[in-house]
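Beneath this line is the structure, given in structure tokens, with notes to follow.
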Amino acid sequence: MRPEASVTHLDLDAFFASVEQRDQPSLRGQPVVVGGVGGRGVVSTASYEARKYGVRSAMSTREARSRCPHAAFLNPRFHAYRDTSVKVMEVLRDVSPLVEPLSLDEAFVDLAPAELPSYDDGDVRALAEEVRARVHDVTGGLTASVGIGTSKFIAKVASELDKPDGLVIVTAGSERELLRPMHVTVIPGVGPATSERLRRAGISTVADLEAVSEEELVRLLGKAHGHGLFLLARAQDDRPVVPERETKSVSVEGTYDTDLTDRRLMEGLVSRQAVSVAERLRKSGLSGRTITLKVRLHDFTTLSRSTTLNAPTDKGPEIARLARGLLGDLDLTGGVRLLGVGVSGLADWIQDDLFGDDHDEDDDEPVDELPDLPDQRTWVPGMDVEHDSHGRGWVWGAGRGIVTVRFETAETPPGPVRSLPTDDPSLTPWRPPTT
Ligand SMILES: [Mg+2]
Numbered sequence: 139m140r141p142e143a144s145v146t147h148l149d150l151d152a153f154f155a156s157v158e159q160r161d162q163p164s165l166r167g168q169p170v171v172v173g174g175v176g177g178r179g180v181v182s183t184a185s186y187e188a189r190k191y192g193v194r195s196a197m198s199t200r201e202a203r204s205r206c207p208h209a210a211f212l213n214p215r216f217h218a219y220r221d222t223s224v225k226v227m228e229v230l231r232d233v234s235p236l237v238e239p240l241s242l243d244e245a246f247v248d249l250a251p252a253e254l255p256s257y258d259d260g261d262v263r264a265l266a267e268e269v270r271a272r273v274h275d276v277t278g279g280l281t282a283s284v285g286i287g288t289s290k291f292i293a294k295v296a297s298e299l300d301k302p303d304g305l306v307i308v309t310a311g312s313e314r315e316l317l318r319p320m321h322v323t324v325i326p327g328v329g330p331a332t333s334e335r336l337r338r339a340g341i342s343t344v345a346d347l348e349a350v351s352e353e354e355l356v357r358l359l360g361k362a363h364g365h366g367l368f369l370l371a372r373a374q375d376d377r378p379v380v381p382e383r384e385t386k387s388v389s390v391e392g393t394y395d396t397d398l399t400d401r402r403l404m405e406g407l408v409s410r411q412a413v414s415v416a417e418r419l420r421k422s423g424l425s426g427r428t429i430t431l432k433v434r435l436h437d438f439t440t441l442s443r444s445t446t447l448n449a450p451t452d453k454g455p456e457i458a459r460l461a462r463g464l465l466g467d468l469d470l471t472g473g474v475r476l477l478g479v480g481v482s483g484l485a486d487w488i489q490d491d492l493f494g495d496d497h498d499e500d501d502d503e504p505v506d507e508l509p510d511l512p513d514q515r516t517w518v519p520g521m522d523v524e525h526d527s528h529g530r531g532w533v534w535g536a537g538r539g540i541v542t543v544r545f546e547t548a549e550t551p552p553g554p555v556r557s558l559p560t561d562d563p564s565l566t567p568w569r570p571p572t573t
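If you count the sequence shown from 1, position 101 lands on 239 in our numbering, and the numbers rise without skipping.
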């Protein structure tokens, strides 16, 4: 832990939904739900307007629809999220070379090399406000919540305290007081399993945890995890901000001798894989935000589908539900020869000795969240389109041979809605020009 508050955690607010509201003017101020829109889809991000109705990430889209039927339900547009993320990371790298992205919408920044006149509250606050204003600028109006503290742990806790559009600086020396009343799950690495084990030992707050000896914690949770928790309960965290962290993931996959065609069987296999991924995460004190399903079809086409949560998970049933949701959106009629489930975007606590050589065969390739380009004639809600005479817009819905499009972009006022035949030759999917 350092003597001054110079570790920053920046987290864009309701990121995917905010990008949709920026790009689709008719959605501003409206409930927006981004995620899998199919029958078994799962919510990735809900706008704050939708959260008022109890819509949360990781909830099934079906449940979200029943809570907030008038929300816009959109497929993710990862190209837009990536472009926006790149701009935010550039702003951060202007402040300090030590930027560690955790996901598209979240990063740690070490202010130590930022050449601040001092690390007094006033100077740090002025810099943070400037960063927030620049992020707002370069993203076309998105807000970020920022937390600053003497460690990664404290910075991350701080950024959650005043969401959305907040800035919280936890001054050196006040960390333990801040943490004491909080639930133990505030500590990185304390997922549901650890939390339950602690609960059975009568430990629910950080203050409770602080009262337990290191020997007792090691007995309860094992050497590495027990020792780590003992330190974190005292706000002792000296993890450095590591720029350009490598993508890590934990995954399990299986290949099958005969092509699988029975969906129930596939769901069962995927669920079992999810449970073993979760076990490995928990054993390692990790949790992750991006759940990926890998499927190899009978013709050896390999598909990968991902969904990203707002908060990391290490829960088997949750990972299983998300993975089954991804499976449900795929056409698998030809048969399947490989299934795999992975979790990435890991929130690591005990990061060093987990991915030794003996784990290499399980480490997946870096997860690509970009869904494959849909067929020319498949119109899914949220996708960008362009029409020869109406210009650019996005798909509101499609069915029975009709696709409904709202023709508007970030640069236009809310635009008109038009219903067109799904085979209208003037309508094409729109992709940003690749530079
Ligand atoms: Mg966020």
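Quick reminder that beta carbons are idealized off the backbone N, C-alpha and C, glycines included.
Model, not experiment: these values are computed from the prediction.
Thinking C-beta only, is Asp375 closer than 8 Å to Phe291? Yes, Cβ-Cβ distance for Phe291 and Asp375 is below 8 Å.
Val543 to Val180, Cα distance in whole Å? 23 Å
For Leu511, which residues of its own chain have a beta-carbon under 8 Å away from its beta-carbon, when the five flanking residues on both sides are left out? At Leu511 the pLDDT is 40, less than 50, meaning the model places this residue with poor confidence and gives no usable figure here.
Span of the alpha helix (DSSP H) around Thr309: No alpha helix (DSSP H) contains Thr309, which DSSP labels as neither H nor E.
Which of helix, strand or coil does DSSP assign to His274? helix
Let me make sure I understand the geometry here. Which of Val193, Thr550 and Glu238 has the alpha-carbon closest to that of Pro381? Glu238
Skipping 5 residues on each side, what residues in its chain have a beta carbon closer than 7 Å to that of Val356? The answer, listed in chain order, is Gly364 and His365.
Which of the three DSSP states is assigned to Asp259 in this structure? helix
Examine the Cβ distances between the stretch 156-175 and the stretch 546-556 and report whether three or more of them are shorter than 8 Å. yes
Any non-hydrogen atom of ligand 1 within 7 Å of Asn213 CB: Not so, every heavy atom of ligand 1 lies at least 7 Å from the Cβ.
Helix, strand or coil: which one does DSSP assign to Arg140? coil
Please classify Asp149 as buried or exposed, where buried requires at least 16 other C-beta atoms within 10 Å of its C-beta. buried
Under the criterion of a Cβ to heavy atom distance below 7 Å, does Phe246 qualify as lining ligand 1? It does not: the Cβ of Phe246 is nowhere closer than 7 Å to a heavy atom of ligand 1.
Starting from the Cα of Ala416, find the closest Cα among Glu405, Asp467, Asn448 and Ser482 and give me that residue. Ser482
Return yes when at least one heavy atom of ligand 1 lies under 7 Å from the C-beta of Leu240, else no. no
Which same chain residues end up closer than 7 Å to Arg556 when comparing Cβ atoms and leaving out the 5 residues on each side of it in sequence? The residues are His528, Val543 and Phe545.
How many whole angstroms separate the CB atoms of Trp532 and Val523, which I take to be in contact at a CB cut-off of 8 Å? 7 Å
Is the stretch 223-241 touching the stretch 271-288, taking contact as three or more C-beta pairs under 8 Å? yes
Contact set for Gly192: own chain, Cβ-Cβ below 6 Å, skip 5 residues either direction: Arg205
Can the beta-carbon of Val388 be found less than 8 Å from the beta-carbon of Arg418? yes
Whose CA, out of Gly520, Ser256, Met404 and Glu334, lies closest to the CA of Ser144? Ser256
Three-state class that DSSP yields for Thr385 in the structure shown: Low confidence applies to Thr385: its pLDDT is 49, below 50, so where it sits in the model is not reliable enough to give any reading.
Of all the alpha helix (DSSP H) runs that stay within the bounds of the stretch 192-247, which reach a length of 4 or more residues? 199-205 and 216-233
Say yes only if the C-beta of Asp151 is nearer than 7 Å to one or more non-hydrogen atoms of ligand 1, and no if none qualify. yes
Spatial distance of Ala331 from Arg420 (CA atoms): Between Ala331 and Arg420, the C-alpha separation is close to 7 Å.
DSSP on Ile457, reduced to helix/strand/coil? helix
Comparing the CB of Asp375 with every heavy atom of ligand 1, is any distance shorter than 7 Å? No, the beta carbon of Asp375 sits no closer than 7 Å to any heavy atom of ligand 1.
What runs of the beta strand (DSSP E), each 3 residues or longer, lie entirely inside the stretch 400-452? 425-435 and 440-451
Helix, strand or coil at Leu484 [DSSP, three-state]: strand
Spatial neighbours of Met404 within its chain, please: C-beta separation below 8 Å, excluding the five flanking residues on both sides. Leu398, Leu465, Leu470, Val474 and Leu477
Anyone know if the C-beta pair for Thr199 and Phe153 falls short of 8 Å? no
Leu370: buried (16+ other C-beta within 10 angstroms of its C-beta) or exposed? buried
In three-state terms, what does DSSP make of Thr281? coil
By a C-beta neighbour count over all protein chains shown, 10 Å radius and 16 as the cutoff for buried, is Arg402 buried or exposed? exposed
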